[in-house]
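One structure below.
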Amino acid sequence: MNLEFGIFDHLDRNDLPLREYYEERLKVIEAFDRSGFYAYHVAEHHFTPLGMAPSPSVFLSAVGQRTTRLRFGTFVYALPVHHPLRVLEEICMLDHMSGGRLEIGFGRGSVPFEISYYGQNAEERQQIYAERLGLILKAFTVGTLSWNGRYDQFKNVPMELAPLQKPHPPLWYGAHSPDSAERAARKGLNMVTNDIPANARAIVARYKEIWREAQGAATPPKMGLVRFIVVADSDAQAMASARRAYLRWRSSFTYLSELNGTMPDSPLRADSFDTLIKQGQAIAGSPETVRAFLAAQVEDSGANYIVGQFCFGDLKLDEMLHSVELFAACVAPALKGASTK
163 MNLEFGIFDH LDRNDLPLRE YYEERLKVIE AFDRSGFYAY HVAEHHFTPL GMAPSPSVFL
223 SAVGQRTTRL RFGTFVYALP VHHPLRVLEE ICMLDHMSGG RLEIGFGRGS VPFEISYYGQ
283 NAEERQQIYA ERLGLILKAF TVGTLSWNGR YDQFKNVPME LAPLQKPHPP LWYGAHSPDS
343 AERAARKGLN MVTNDIPANA RAIVARYKEI WREAQGAATP PKMGLVRFIV VADSDAQAMA
403 SARRAYLRWR SSFTYLSELN GTMPDSPLRA DSFDTLIKQG QAIAGSPETV RAFLAAQVED
463 SGANYIVGQF CFGDLKLDEM LHSVELFAAC VAPALKGAST K
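All you need for this note's numbering is the position in the sequence shown, starting with 1, plus 162.
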């Protein structure tokens, strides 16, 4: 198995002025590029401190200029709040401007309040997403687009832009159940999950089963496992940073729900980082502690792509950079070596 490593980033707010905040994050992304990570994946959120990239394309254009090898893209473009032709054109631009390093995920938007703030019917966001995904995939491959859907109608629109990668950049799907993993496998999409280990095991197993059935002998694409990761010189140092930063991230994660009198139905809103570790969704420690945790998760799940959430809450620039440095030097090589034995 060829194990690779990526990054997931909510781009959640801390106390820095935004100009400094963006610059610090780009410095960490430059470190990801130097360290040989496969791809950087950014979330899209609106009207919440959980996400400071409400326009992922804008932020990713800066990522493309500050990196040379790192691939990058979205987890995910929330299609109910995008005009499908506009996001199509942005994707084509980014793919060419980056020399074909773009990876894209599309979704319905995980937080219904964000969709409602845009004036869309949040209860229909799954149907809107599904229709617009079909529209965009068609538009990638035609010279003139006509579409007569429930939510969008176009007639004879000239497609002057096409992506550099053919027929389009690699596509990603976030799976939260074996059924959703099946949908991803039938469509030949890369897949990620941030579920607890028992669920992740079932999700990856179904994906592999359906992939063999639907795609034949072709090698499966990336099957990713998203986990919070903090690496430091000692377990104590890493846990001190992670515990502090997670509470800040959690306040952003629950912000819109609390504002609307609810709470997100997610194990990620655990009361502490320690609880998140017990659930199998996070690790903080020395390189050896982190390596052992991730090796066990890879063996248990069958995933071939570790997606680390290295930047979250109020982690300081030096904490993030040192974490990335230790992971790249001491954790990743050992995991890759073990995966090829």
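Here a beta-carbon is modelled for each residue, glycine too, at the ideal position from N, C-alpha and C.
Since the model is a prediction, treat every value here as computed from it, not as a measurement.
For residue i, the residue or residues it bridges with in DSSP
{"i": "Gln471", "result": "Phe390"}
{"i": "Phe170", "result": "His203"}
{"i": "Asp385", "result": "The amino acid at residue 385 is misidentified as Asp; the sequence shows Met. Bridge partners of Met385: Met353."}
{"i": "Leu421", "result": "According to DSSP, Leu421 bridges with nothing at all."}
{"i": "Trp334", "result": "Gly267, Asn352"}
{"i": "Ala240", "result": "Gly269"}
Residue i versus residue j: straight-line alpha-carbon distance, rounded
{"i": "Val238", "j": "Gly213", "result": "12 Å"}
{"i": "Val249", "j": "Asn356", "result": "26 Å"}
{"i": "Arg412", "j": "Asp462", "result": "27 Å"}
{"i": "Asn422", "j": "Ser272", "result": "15 Å"}
{"i": "Pro179", "j": "Thr306", "result": "44 Å"}
{"i": "Val304", "j": "Ser260", "result": "22 Å"}
{"i": "Leu438", "j": "Ala324", "result": "42 Å"}
{"i": "Glu344", "j": "Gly296", "result": "18 Å"}
{"i": "Ser197", "j": "Glu450", "result": "18 Å"}
{"i": "Asn283", "j": "Ile277", "result": "7 Å"}
{"i": "Ile266", "j": "Lys349", "result": "14 Å"}
{"i": "Lys507", "j": "Asp177", "result": "A query on residue 507 cannot be resolved here, the shown segment of the chain reaching from 163 to 503 and no further."}
{"i": "Leu409", "j": "Ala458", "result": "26 Å"}
Proximity of residue i and residue j at Cβ, strictly below 8 Å
{"i": "Tyr202", "j": "Val225", "result": "yes"}
{"i": "Arg187", "j": "Leu165", "result": "no"}
{"i": "Pro383", "j": "Lys370", "result": "no"}
{"i": "Leu418", "j": "Phe316", "result": "no"}
{"i": "Ile290", "j": "Pro216", "result": "no"}
{"i": "Ser485", "j": "Val393", "result": "yes"}
First through last residue of the alpha helix (DSSP H) which encompasses residue i
{"i": "Thr306", "result": "No alpha helix (DSSP H) holds Thr306; the beta strand (DSSP E) holding it covers 306-310."}
{"i": "His194", "result": "Just to set this straight, residue 194 is Phe in the shown sequence, not His. 180-196 is the extent of the alpha helix (DSSP H) around Phe194."}
{"i": "Leu264", "result": "No alpha helix (DSSP H) holds Leu264; the beta strand (DSSP E) holding it covers 264-269."}
{"i": "Lys328", "result": "From DSSP, Lys328 is part of no alpha helix (DSSP H); its letter is neither H nor E."}
{"i": "Val366", "result": "359-377"}
{"i": "Lys317", "result": "Looking at the DSSP string, Lys317 is not in any alpha helix (DSSP H); the run it does join, the beta strand (DSSP E), is 315-320."}
{"i": "Gly296", "result": "287-301"}
{"i": "Ser403", "result": "397-415"}
Start and end residues, beta strand (DSSP E) containing residue i
{"i": "Thr355", "result": "352-355"}
{"i": "Arg233", "result": "233-236"}
{"i": "Leu438", "result": "No beta strand (DSSP E) holds Leu438; the alpha helix (DSSP H) holding it covers 435-440."}
{"i": "Leu165", "result": "Element bounds for Leu165: n/a, residue is neither H nor E."}
{"i": "Ala446", "result": "444-447"}
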